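Protein chains in written order, with our numbering: chain V, 282 to 627; chain C, 507 to 728. Ideal placement from N, C-alpha and C gives every residue a C-beta, glycine not left out. Keep in mind the model is a prediction, meaning the values are calculated, not measured.
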């Protein structure tokens with residue numbers, strides 16, 4: 282598969298500018314809610330129409346503003362798994378799935394396909410059920426079956442697990458991973474959950490306020506987020522505006538301190554991020570060292586966060602639960618951050 | 507006593523309900539997609555017959571379809587005359603009952619999950635299929651309630667009907683105009699009979715509405 286999306290849409294107080302190119306496999310779009318990622322999917326599906334740009338799937342233009350191409354959703358062969366699954370409430374599971382096969386005129390072929398997906402998606406005994414009788418996981422499998430019998434060229438998953446509680450979510454994520462691997466289907470996965478994106482998507486883009494702010498392999502994107510917005514969504518807890526002061530140094534305005542990074546600082550640096558896990562106790566003042574002023578402790582089941590004051594804000598130090606006993610009641614006076622933990626951001 | 511008013515009322519109410527069903531759904535579907543300003547203006551215009559006194563509606567109908575008005579003269583060339591004919595009652599009842607159907611259908615369409623229609627489109631289903639097999643069934647309860655309300659309103663129509671088609675026994679008489687005429691001519695017993703007939707029909711209609719609502723509640727519960 283290759284999908285190329287370069288579109289713009291003016292939505293009044295919101296400007297969407299989505300640019301992405303995908304290869305095969307599972308491709309992720311990670312972003313906070315309201316960043317325009319679902320709207321991008323709707324444009325690809327043909328439900329919404331961009332103002333400018335083009336969308337090309339496997340060499341076929343689905344939308345091209347300059348050439349006046351705008352295929353109807355029915356002609357695009359793009360499968361769309363909605364967040365609420367969008368099963369037709371007045372039809373049972375069987376009829377819902379048959380809706381994906383109305384192009385197939387041969388009755389015997391329809392029945393055969395129906396049997397195949399019943400086994401593939403473990404829908405035995407559910408065929409006569411109405412959607413309201415299904416559990417979240419069952420509904421998701423029915424929705425996927427309905428899409429797959431339609432043989433889409435691309436499968437788009439819109440926040441597929443966000444409606445589920447955490448136990449069920451993990452279970453369904455395993456199921457989904459297995460199914461996607463079995464189909465070899467090319468997928469575009471949209472999510473606000475960084476763990477989900479990391480788990481499913483070898484390659485991804487990060488969107489923020491309608492723009493793509495980072496792109497690349499998941500390792501690149503998570504380890505070198507490039508921009509403050511990308512750093513925030515990939516889990517960076519400490520961010521401050523910053524300016525460059527030397528080849529490896531920059532001044533963090535919120536924390537009123539100069540920091541040294543491991544890699545040369547770019548000319549266009551605007552922010553700095555500190556990884557909350559990269560702090561280690563220090564004996565006294567020095568480079569990249571913060572005094573642990575006014576610490577506040579916030580305990581969670583698997584980690585402990587210590588917030589301390591720096592400049593006009595607080596910095597978060599995150600400690601693994603198993604390492605906490607050595608610090609509990611015995612907090613260090615100073616913390617050092619390794620240069621690898623200092624990220625210069627645009 | 508002649509049963510003509512019952513027959514006439516029922517056919518006027520039935521035919522206008524069918525008309526109102528299609529017109530109401532059509533308007534509800536298309537008005538909802540219009541730009542905001544036009545939608546607001548049209549919405550007021552289409553709902554107006556519900557809040558205007560029926561006699562005022564009748565006045566406007568006479569203004570448009572009166573035998574000496576342009577539209578009335580034009581239609582007369584085809585032998586269509588809405589004034590003082592039984593089918594003029596259909597026009598009056600349709601205009602007065604229309605807003606009930608239109609508003610109920612619009613409410614039902616607005617609560618429809620648009621993702622269902624989008625999912626249908628991405629599965630390659632035609633818009634006609636989506637409308638009749640997915641949208642309409644999903645909005646079935648609301649639309650049925652609208653039809654029942656419109657039918658009841660059409661059946662009880664008096665003001666616009668009496669303005670437009672008057673009261674001619676055996677020709678344009680409906681139940682409601684008959685009750686008034688009999689009472690006016692001191693035929694209390696006759697008026698009472700028709701009041702009873704009307705009560706019976708209203709009871710059946712209300713029963714139907716209640717049964718629909720119970721089914722809807724059940725559907726929501728599960």
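Below-8 angstroms beta-carbon distance, residue i vs any chain V residue
i	result
residue 634 of chain C	no
residue 728 of chain C	In this predicted model, residue 728 of chain C has a pLDDT of only 46, less than 50, meaning its place in the structure is not dependable; the value taken from the coordinates is given anyway. Output row for residue 728 of chain C: interface = yes.
residue 640 of chain C	yes
Interface flag, residue i vs chain C, CB-CB below 8 angstroms
i	result
residue 359 of chain V	yes
residue 288 of chain V	no
residue 626 of chain V	no
residue 421 of chain V	no
residue 431 of chain V	yes
residue 427 of chain V	yes
residue 695 of chain V	Not covered by the structure: residue 695 of chain V. The range shown for chain V is 282 to 627.
residue 483 of chain V	no
residue 355 of chain V	yes
residue 344 of chain V	no
residue 363 of chain V	yes
Residue i vs residue j beta-carbon contact at 8 angstroms
i	j	result
residue 655 of chain C	residue 606 of chain C	yes
residue 555 of chain C	residue 526 of chain C	no
residue 243 of chain V	residue 483 of chain V	With chain V running from 282 to 627 in the structure shown, residue 243 of chain V is simply not present.
residue 712 of chain C	residue 651 of chain C	no
residue 564 of chain C	residue 672 of chain C	no
residue 424 of chain V	residue 479 of chain V	no
residue 283 of chain V	residue 303 of chain V	yes
residue 491 of chain V	residue 308 of chain V	no
residue 345 of chain V	residue 290 of chain V	no
residue 522 of chain C	residue 603 of chain C	yes
residue 514 of chain V	residue 297 of chain V	no
residue 371 of chain V	residue 410 of chain V	no
residue 697 of chain C	residue 615 of chain C	no
residue 670 of chain C	residue 567 of chain C	yes
residue 597 of chain V	residue 588 of chain V	yes
residue 634 of chain V	residue 402 of chain V	This structure cannot settle anything about residue 634 of chain V, because the visible part of chain V is limited to 282 through 627.
residue 449 of chain V	residue 422 of chain V	no
residue 731 of chain C	residue 648 of chain C	Residue numbering for chain C in the displayed model covers 507 to 728; residue 731 of chain C lies beyond these limits and cannot be assessed.
residue 519 of chain C	residue 657 of chain C	yes
**Prompt:** Which of the residues in the region 366-397 of chain V, read from start to end, lie with their CB under 7 angstroms from any CB of chain C?
**Reply:** 367, 369, 370, 371, 380, 381, 383 and 384
**Request:** Count the C-beta pairs between the region 671-688 of chain C and the region 570-586 of chain C that are closer than 8 angstroms, then say yes if the count reaches three, no if not.
**Result:** no
**Request:** Run through the region 648-708 of chain C for me and flag every whole alpha helix (DSSP H) of 4 or more residues, listed as ranges in chain order.
**Result:** DSSP runs (the alpha helix (DSSP H)) wholly in the region 648-708 of chain C: 665-671 and 681-690.
**Inter-stretch contact (C-beta, 8 angstroms, three-pair minimum) for the region 575-583 of chain V and the region 513-533 of chain C** = no
**Message:** Would you call the region 466-473 of chain V in contact with the region 388-406 of chain V, where contact means no fewer than 3 C-beta pairs closer than 8 angstroms?
**Reply:** no
**Request:** May I ask you to verify whether the region 589-600 of chain C touches the region 673-681 of chain C, counting CB pairs closer than 8 angstroms and requiring at least 3?
**Result:** yes
**Asked** What residues from the region 619-631 of chain C come within 8 angstroms of chain V, judged by C-beta to C-beta, listed N to C?
**Response** 619, 621, 622, 624, 625, 626, 627, 628, 629, 630 and 631
**Asked** Between the region 643-655 of chain C and chain V, which residues of the former have CB atoms less than 9 angstroms from a CB of the latter, in chain order?
**Response** 643, 644 and 646
**Prompt:** Are three or more beta carbon pairs between the region 358-378 of chain V and the region 433-444 of chain V nearer than 8 angstroms?
**Reply:** yes
**Message:** Can you confirm whether the region 503-510 of chain V touches the region 614-626 of chain V when touching is taken to mean that 3 or more C-beta pairs between the two stretches lie within less than 8 angstroms?
**Reply:** yes
**Request:** Select from the region 314-332 of chain V all residues with a C-beta closer than 8 angstroms to any C-beta belonging to chain C, and list them in chain order.
**Result:** 323, 326, 327 and 328
**Request:** Kindly confirm or deny that the region 546-554 of chain V and the region 518-532 of chain V touch, where touching means at least three C-beta pairs closer than 8 angstroms.
**Result:** yes
**Item:** Sufficient close CB pairs (3 or more, under 8 angstroms) joining the region 335-349 of chain V to the region 406-417 of chain V
**Value:** no
**Request:** Could you tell me whether the region 613-623 of chain V touches the region 553-564 of chain V, using the rule of 3 or more Cβ pairs below 8 angstroms?
**Result:** In this structure the region 613-623 of chain V lies against the region 553-564 of chain V, because at least three pairs of beta carbons, one per stretch, are closer than 8 angstroms.
**Message:** Whether or not the region 380-387 of chain V and the region 443-463 of chain V are in contact is what I'm after, with contact meaning three or more pairs of Cβ atoms, one per stretch, closer than 8 angstroms; do they touch?
**Reply:** Inter-segment contact for the region 443-463 of chain V and the region 380-387 of chain V is absent: fewer than three beta-carbon pairs are separated by less than 8 angstroms.
**Asked** Which ranges does the beta strand (DSSP E) cover as unbroken runs of at least 3 residues, wholly within the region 321-360 of chain V, from first to last along the chain?
**Response** 333-338 and 341-345
**Message:** Check whether the region 527-535 of chain C and the region 567-577 of chain V are in contact - that is, three or more C-beta pairs closer than 8 angstroms.
**Reply:** No contact exists between the region 527-535 of chain C and the region 567-577 of chain V.
**Request:** Enumerate, from N- to C-terminal direction, the unbroken alpha helix (DSSP H) stretches of 4 or more residues contained entirely within the region 413-441 of chain V.
**Result:** The region 413-441 of chain V is shown to contain whole alpha helix (DSSP H) runs of 4 or more residues at 417-429, in chain order.
**Message:** Report the start-end ranges of each alpha helix (DSSP H) in the region 474-520 of chain V that is 4 residues or longer and not cut off at the edges.
**Reply:** Complete alpha helix (DSSP H) runs here, min 4: 475-481, 499-504 and 509-514.
**Prompt:** Within the chosen definition, does the region 525-538 of chain V reach the region 590-597 of chain V through at least 3 CB pairs nearer than 8 angstroms?
**Reply:** yes
**Ordered list of alpha helix (DSSP H) runs contained in the region 592-629 of chain C, each at least 4 residues** = 594-616 and 620-628
**Request:** Could you name each continuous beta strand (DSSP E) segment of 3 residues or more that falls completely within the region 518-591 of chain C, going from the start of the chain to the end?
**Result:** none
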